[in-house]
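First up is the structure itself, then whatever we jot down about it.
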Amino acid sequence: MKAFSYSRPDSVRDAVAGVAADREAKFLAGGTNLVDLMRLGVERPDALIDVRHLLGHDIEPTADGGLLVGSGVANSDLAVDPRVRQAYPVLSQALLSGASGQLRNAATVGGNLLQRTRCVYFQDVTKPCNKRQPGSGCPAREGSHRDLGILGTSEACIATHPSDMAVALAAVDATVHLTGPGGERTVRLEQLYRLPGDDPSRDTTLEHAELITAVQLPPPSALYRSSRYRKVRDRASFAFAVGSIAAAMVIDDGLVREVRIAFGAVAPRPWRAHTAEDALRGQPADAADFAAAIAAELELAEPLRDNAFKVDLTRRMGAAVLTELAEAQQQGSGR
Amino acid sequence: MRVTATVNGETHQIDDVWEGESLMYALRERMGLPGSKNACEQGECGSCTVYLDGVPVCSCLVAAGQAHERDIVTVEGLSDTGELHPVQQAYLEQGAVQCGFCTPGLLVATHDLLSRNPHPSDPQIREALAGNLCRCTGYEKILDAVRAAADRMDGGPA
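In order, the protein sequences belong to chains A and B.
Read in order, the letters of the first sequence are residues 1 to 335 in our numbering.
Read in order, the letters of the second sequence are residues 1001 to 1158 in our numbering.
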C-alpha cells in the first residue's frame, strides 16, 4: 500500500479545508470500500482525513415530517430504525440485503453512496480501465461483462454502481446534503451521480473536497409506505446484485395513482425509471401493463453478449414486484 | 502516531503506529492478541471480526488510527472468567472446527447474534454468519454449535 498520512481534524470545516488543499487527499469514514481499494492499489491517496467522528450519527425528524439521516449513521442502524422500517420499508430491505453484518456495522450512509464499482477490471490494477486510468481502454466490452451495465453506459465504460441503499433512496425521492469549500448545497439523489460518457473517472457530480453530511427523506406517505426491494443475486446472502428493483406504488380504484421505480445493477447509477413511471400513472394496475411499461423503459438498453439476460430479468422482476405491491394493497383495502 | 484504546476491558497504549496499518495488525502484532486472524484483508471472510464500540466489524478494514479512544473486544475477551464462554464451549463440543482459522471470527459473530437474538431460526443463523467464510466444515457443525450455544446459554430450547 502506498504511504499516506492520517489525520483526525476537529471540525467539518477543517476536514474540508484539508482535503481541498491536497488533490490527492481523501475523506475516510467507515473505510469498508476505500481501505480495500487502497490495499488493491486502485485508490492511492497521499492523505486520509478521518471524518467518521465529525459526521452526524443521528436520524432526526425534519420540520415537514421527513427524516434527516446523518451521513455517519451506520448502514445497520439505518436499516433497523423503526421509523424507516414503517415509513420507507424499501430502504430497510435494501440495506439488509447488502454486504454482511460486519460490513453494515462499519459502513456509513455517506460512504455507501460513494462506493466504487465492483467491475473486475476496475479492481485489477494489472488491467486497463478507463475509470481507474483514463484513456487506457475497457476490456469489459469484449471480456467479462456478465454483471455490468445495460443502461446509461458508454463506449468508454459499462460499470455499474454497486449500492443497494442508493437504489432505494432514488425510489423515495431522497436528497443529499453536501458541504464543500464553496459552501453547502443539496442535490436530488439521482443528481449525485453522473453517467460516464467519455470521462468515466468521475462517478459523481461532487467537486473535490465536497462532503456528504446528510441524506434527507421526504415526509412519509402512503406511496413510500407501500414500497419494497427485490434483489436477484447468485447466492442468498452477501453478494452484489445481478439485478435489483426498488418500487413504491399507490393504487386508487384499480388505477395507478402514483409510482416510483428504480433499478439497481444495470447502470452506472441507480436507474430511476421515469419512462415506465410516466407510462403507468393513471393506467390500470395489472401485470401486463407493468411489464409493458418496464419494456418501454428498457428500449434504451444496450446489452452486450453476456449481459443481455438482464433485459428480461429486469422486466420480469419489475412486473413481479409491482404486481405484489398491487395485490398487497387490494388485499389491504378489502379488509 | 500514538493510539490509546480499551481492549478487552484494559487500556492499551501503542506508540509509533503507522497510519496504514489495520486494527487487526495492531491487535495481533503490537498488543499480543493473535486471536483475530488475517486472511482475506478485504472484509469478505470475517476471520478478523472483533467488537468495535459494541458491534462486530472486520478489523482488517479499520485503520489503526480510527480505533483511537474506542472500545474493542476480541475473541480473547469473550469470557473474563478464565473459563470458556458457552459459545466457545459449544463449538468445542460440537466439533465445529477443522483448521480453526475462521473460528475466532465465527465465535465473535455467534456471540453477537445470541446477544441480540437468543433463539435464532436456522435462516437467521445463516444470515448472521454470512460474513464469515469457512472452507473446511461445510457449516453443518457450525450451525449445530450455534444451536447448542443458544440452548446452553438459555438452559434449554425455547
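We treat Cβ as the ideally placed atom computed from N, Cα and C, and that holds for glycine.
What is the DSSP secondary structure of residue i, counted as helix, strand or coil?
i: B:Cys1058; result: strand
i: A:Lys310; result: helix
i: A:Pro45; result: coil
i: B:His1012; result: strand
i: B:Pro1104; result: helix
i: A:Leu298; result: helix
i: A:Glu258; result: strand
i: A:Phe240; result: coil
i: B:Ser1022; result: strand
i: A:Asp77; result: helix
i: A:Thr323; result: helix
i: A:Gln93; result: helix
i: B:Asp1151; result: helix
i: B:Ala1128; result: helix
i: A:Arg335; result: Because the pLDDT at A:Arg335 is just 47, under 50, the model does not fix this residue reliably, and the value given afterwards should be weighed accordingly. Reduced to three states, the DSSP call for A:Arg335 is coil.
i: A:Arg269; result: coil
i: A:Glu207; result: coil
i: A:Gln216; result: strand
i: B:Val1097; result: coil
i: A:His145; result: coil
i: B:Lys1141; result: helix
i: A:Phe263; result: strand
What does the alpha-carbon distance come out to for the pair residue i and residue j?
i: A:Pro219; j: A:Met165; result: 18 Å
i: B:Val1007; j: A:Arg269; result: 40 Å
i: A:Asp203; j: A:Gln216; result: 21 Å
i: A:Gly65; j: A:Arg83; result: 11 Å
i: B:Asp1015; j: A:Gly101; result: 31 Å
i: A:Gly183; j: A:Thr117; result: 28 Å
i: A:Ala295; j: A:Val16; result: 44 Å
i: B:Asp1122; j: A:Asn33; result: 30 Å
i: A:Thr179; j: A:Asp234; result: 38 Å
i: A:Ser227; j: A:Gln331; result: 15 Å
i: B:Gly1077; j: A:Cys119; result: 39 Å
i: A:Arg410; j: A:Thr160; result: In the structure displayed, chain A extends from 1 to 335; residue 410 of chain A sits before or after that span and is not available.
i: A:Ala326; j: A:His145; result: 34 Å
i: A:Tyr229; j: A:Ala170; result: 12 Å
i: A:Glu299; j: A:His274; result: 13 Å
Would you mind working out which of the options sits nearest residue i, comparing C-alpha positions?
i: B:Tyr1051; options: B:Ile1014, B:Asp1015, B:Gly1009 and B:Ala1148; result: B:Gly1009
i: A:Arg194; options: A:Ala168, A:Pro162, A:Gly152 and A:Ser227; result: A:Gly152
i: B:Cys1064; options: B:Glu1021, B:Thr1081 and B:Arg1126; result: The question names Cys, yet the displayed sequence has Ala at residue 1064 of chain B. When each option's Cα is compared against that of B:Ala1064, the closest is B:Glu1021.
i: B:Ala1067; options: B:Leu1113, B:His1012 and B:Gly1095; result: B:His1012
i: A:Ala214; options: A:Gly41, A:Val35, A:Phe27 and A:Ser71; result: A:Ser71
i: B:Cys1058; options: B:His1085, B:Gln1089, B:Gly1082 and B:Leu1106; result: B:Leu1106
i: A:Ala285; options: A:Lys310, A:Val321 and A:Ala236; result: A:Val321
i: A:Leu192; options: A:Arg233, A:Gln115 and A:Asp252; result: A:Gln115
i: B:Ala1145; options: B:Ala1130, B:Pro1086, B:Thr1004 and B:Cys1136; result: B:Pro1086
i: A:Lys26; options: A:Arg39, A:Asp36, A:Tyr224 and A:Val51; result: A:Val51
i: B:Cys1134; options: B:Tyr1025, B:Glu1093 and B:Cys1048; result: B:Cys1048
i: A:Arg23; options: A:Leu223, A:Glu43 and A:Arg39; result: A:Glu43
i: B:Glu1093; options: B:Ala1148, B:Glu1029, B:Tyr1025 and B:Arg1028; result: B:Ala1148
i: A:Pro196; options: A:Asn130, A:Glu210 and A:Asp10; result: A:Asn130
i: A:Val266; options: A:Asp173, A:Ile158 and A:Gly30; result: A:Ile158
Quick one: using the 10 Å Cβ neighbour count with 16 as the cut-off for buried, is residue i buried or exposed?
i: A:Asp147; result: buried
i: B:Glu1069; result: exposed
i: A:Thr136; result: Reading off the sequence, residue 136 of chain A comes out as Ser, not Thr. Looking at its Cβ environment, which holds fewer than 16 other Cβ atoms inside 10 Å, A:Ser136 is exposed.
i: B:Gly1160; result: Residue numbering for chain B in the displayed model covers 1001 to 1158; residue 1160 of chain B lies beyond these limits and cannot be assessed.
i: A:Glu155; result: exposed
i: B:Cys1099; result: exposed
i: A:Lys2; result: exposed
i: A:Arg272; result: buried
i: A:Ala288; result: exposed
i: A:Pro162; result: buried
i: A:Gly143; result: exposed
i: B:Glu1083; result: exposed
i: A:Arg335; result: The pLDDT assigned to A:Arg335 is 47, lower than 50, so where the model puts this residue is not dependable, and the model offers no usable value.
i: A:Ser244; result: buried
i: A:Ala63; result: exposed
i: A:Leu280; result: buried
i: A:Ala236; result: exposed
i: B:Pro1120; result: buried
i: B:Thr1103; result: buried
i: A:Asp312; result: exposed
Checklist line | Cβ-based contacts, 7 Å cut-off: residues of the stretch 1049-1075 of chain B near chain A | finding: Thr1049, Val1055, Pro1056, Val1057, Cys1058, Leu1061, Val1062, Ala1063, Gly1065 and Gln1066
Note to self: At a CB distance below 7 Å, what residues from the stretch 100-126 of chain A approach chain B? Give them in sequence order.
What the structure shows: Ser100, Gly101, Gln102, Leu103, Asn105 and Ala106
Next item on the list: For the stretch 1016-1034 of chain B, enumerate the residues whose C-beta is nearer than 7 Å to any C-beta of chain A, in chain order.
Entry: Glu1019 and Gly1020
Item checked: Under 7 Å (Cβ pairs) to chain B, residues found in the stretch 225-249 of chain A -> Ser237 and Phe238
Check: Which residues, in order along the stretch 1084-1109 of chain B, keep a beta-carbon less than 8 Å from a beta-carbon of chain A?
Finding: Ala1109
Checklist line | Proximal residues, the stretch 1-29 of chain A versus chain B, C-beta separation under 9 Å | finding: Met1, Lys2, Ala3, Phe4, Ser5, Tyr6, Ser7, Arg8 and Leu28
Next item on the list: Can you give me, in chain order, the residues of the stretch 1135-1153 of chain B that have a beta carbon less than 9 Å from any beta carbon in chain A?
Entry: none
Item checked: Under 8 Å (Cβ pairs) to chain B, residues found in the stretch 43-74 of chain A -> Leu48, Asp50, Arg52 and Ala74
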